[in-house]
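In our numbering, the protein residues as written are 686 to 745. Glycine is no exception: its CB is placed at the ideal position from the N, C-alpha and C atoms.
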């Protein structure tokens, strides 16, 4: 579950804002498809963030 990992990673403010509604939606009875799309988008952001961090470490 993507939303479980969002708290442990340092995200920029826009990624955090996207992750928080995802968590509240999952706690309600929400349209599963909408939640799936959101979690995929957050997952892509987390992946990009991880790649960015790795790249910065490699270049510094």
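DSSP state of residue i mapped onto helix, strand, coil
i: residue 691; result: Only weak support exists for where residue 691 lies, its pLDDT of 45 falling under 50; the value from the coordinates is given anyway. Coil, per DSSP.
i: residue 741; result: helix
Residue i versus residue j - alpha carbon distance
i: residue 742; j: residue 721; result: 31 Å
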